[in-house]
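Numbering (the numbering used here), first residue to last: 2 to 463. For each residue, glycine too, the CB sits at the ideal point set by N, CA and C. Source: prediction; values computed, not measured.
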């Protein structure tokens with residue numbers, strides 16, 4: 002009796018120890034500033050928008066809709082959610098007893114002795130090692146599995162946002178490549194016409210062989226750049242098909258020129274603290290942190306006793322006709338307490354691993370917050386400056402066009418040499434290329450801002 006009292010007292014003491022509050026690693030939210038460097042911004046709150054109301058380009062809308070159905074990356078993310086949900090349900094099953102039914106018939110040849118039958122039939126149900134979660138190990142494992150499931154859901158939502166962003170970026174890259182191709186084709190025509198003019202002037206004695214060689218080199222350079230532009234456009238188109246996940250339909254609406262973008266409506270940035278509840282990657286990191294904290298609690302609970310119950314109820318008889326008589330009834334009931342005494346430091350090592358991974362999860366959560374703030378701040382800076390830069394570049398193109406036109410006239414009149422015309426034409430070509438690039442970058446910056454703000458793209462399971 003004293004031993005029973007001692008065991009009960011020991012378990013009570015361990016239970017009190019297990020109920021003590023242990024400090025958990027907590028993230029430092031001071032890494033998130035109170036405001037963005039650019040200050041308040043005007044526009045519609047991103048939480049009030051969906052991608053269908055944000056994307057203006059009808060061709061891009063069709064491509065995004067197609068990608069949300071065909072993307073293999075998104076399918077993989079959604080299947081990960083299903084797997085995590087099933088794993089969470091499987092973990093919750095540990096709270097319930099496992100009941101099994103069994104039937105057995107045994108026979109043996111042996112010397113007959115009084116009270117012993119050569120054949121025995123047994124039927125019954127059994128309770129297999131039902132663990133009483135006195136110290137929270139199973140509860141912590143269940144909480145960890147559920148947090149992992151929620152993290153997978155946020156990962157799928159992040160995948161949807163990333164997919165919309167990737168399709169838009171690939172679409173803009175293809176549009177920019179097409180505009181560069183058209184520009185290069187026009188340049189080939191212009192420089193070929195300039196070569197023909199130089200040949201006529203040389204035949205008339207108004208140009209020399211050096212100027213003709215310069216014109217030929219310029220025309221061949223344009224032809225080489227045309228081949229590169231053709232390759233760039235085909236590769237951009239291939240990249241778009243890949244990210245969409247299917248061949249592009251033939252009935253797509255006509256594309257919108259880069260000069261007539263933006264692709265997106267104006268979006269208000271809000272406060273940095275809004276990101277904590279909106280960005281799926283931050284929410285995913287938060288759920289992973291909760292899962293890691295649950296693993297620490299489960300590792301700590303492994304130090305305490307395990308209390309399990311095993312039982313069996315049924316019938317056993319050597320006479321099948323009397324199997325279900327009251328006298329054939331059998332039962333067993335076996336409570337078991339298992340206390341780890343010595344395992345060579347395994348439990349401490351497992352706890353140390355879980356604690357270290359908890360620290361990694363805290364660092365990952367803080368890094369996700371810092372990354373989100375930086376991406377939004379970069380997007381706001383881009384939105385504030387690209388308009389002025391493009392306006393200035395439009396002026397550069399206009400000035401280069403005037404210079405090229407004047408140089409062409411002066412060269413025809415014989416008052417300017419070929420070198421000046423060549424330089425003016427190259428400057429115009431480069432200025433137009435830069436303008437295309439800037440317009441693409443401005444539209445991409447708008448997309449990146451929408452993604453950085455955690456723009457909604459519907460629920461992950463839609």
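Output needed for residue i: all residues of its chain with C-beta closer than 7 Å, excluding positions within five of it in sequence on either side, in chain order.
i           : result
residue 1   : No statement about residue 1 is possible, as the shown extent of the chain runs from 2 to 463 and does not include it.
residue 199 : 208, 212, 213, 216 and 419
residue 248 : 242
residue 179 : 234
If you draw a straight line from the C-alpha of residue i to the C-alpha of residue j, how long is it?
i           : j           : result
residue 455 : residue 449 : 10 Å
residue 99  : residue 310 : 10 Å
residue 255 : residue 57  : 13 Å
residue 149 : residue 261 : 44 Å
residue 195 : residue 410 : 11 Å
residue 429 : residue 422 : 11 Å
residue 188 : residue 435 : 15 Å
residue 426 : residue 405 : 6 Å
residue 37  : residue 379 : 10 Å
residue 443 : residue 451 : 13 Å
residue 53  : residue 274 : 25 Å
residue 236 : residue 174 : 10 Å
residue 340 : residue 304 : 8 Å
residue 70  : residue 240 : 17 Å
residue 252 : residue 86  : 39 Å
residue 80  : residue 61  : 26 Å
residue 347 : residue 302 : 14 Å
residue 82  : residue 306 : 34 Å
residue 221 : residue 285 : 54 Å
residue 1   : residue 395 : Summary: the structure shown does not reach residue 1, with the chain confined to residues 2 through 463, and so no result is reported for it.
residue 170 : residue 238 : 12 Å
residue 349 : residue 333 : 36 Å
residue 138 : residue 336 : 18 Å
Can you list, in chain order, the residues of its chain whose CB lies under 6 Å from that of residue i, leaving out five sequence neighbours each side?
i           : result
residue 164 : 68, 72 and 75
residue 65  : 165 and 168
residue 59  : 254
residue 92  : 142, 143 and 146
residue 151 : 288
residue 412 : 422
residue 457 : 51
Name the DSSP beta bridge partners of residue i, please?
i           : result
residue 313 : 127 and 333
residue 307 : 339
residue 133 : 308
residue 99  : 129
What whole-angstrom Cβ distance do residue i and residue j have, given they're in contact under 8 Å?
i           : j           : result
residue 223 : residue 192 : 5 Å
residue 391 : residue 440 : 6 Å
residue 227 : residue 257 : Not really, about 24 Å apart at Cβ, beyond 8 Å.
residue 432 : residue 398 : 5 Å
residue 181 : residue 225 : Not a contact, Cβ separation roughly 14 Å.
residue 296 : residue 383 : Between residue 383 and residue 296 the Cβ distance is about 40 Å, and since that is not below 8 Å, they are no contact.
residue 361 : residue 300 : Not quite, the Cβ-Cβ distance comes to about 15 Å (not below 8 Å), so this is no contact.
residue 162 : residue 281 : 7 Å
residue 438 : residue 359 : No, residue 438 and residue 359 are not in contact; Cβ-Cβ is about 45 Å, not under 8 Å.
residue 272 : residue 176 : Not a contact, Cβ separation roughly 34 Å.
Return the chain-ordered list of same chain residues with a C-beta closer than 8 Å to the C-beta of residue i, the five sequence neighbours on each side being excluded.
i           : result
residue 276 : 33, 283, 370, 373, 374, 377, 454 and 455
residue 203 : 209, 210, 212 and 213
residue 89  : 143, 146, 147, 149 and 150
residue 417 : 408 and 411
Under the criterion of a Cβ to heavy atom distance below 8 Å, does residue i qualify as lining the ligand ADP?
i           : result
residue 137 : Judged by which ligands are present, the structure shown has none, so any question about the ligand ADP falls away.
Next item on the list: Check whether the region 362-375 touches the region 280-299, taking contact to mean three or more Cβ pairs, one atom from each stretch, closer than 8 Å.
Entry: Put simply, the region 362-375 touches the region 280-299. At least three CB pairs are less than 8 Å apart.
Checklist line | Given 8 Å, three or more beta-carbon pairs between the region 129-139 and the region 299-310 | finding: They touch, by the three-pair rule.
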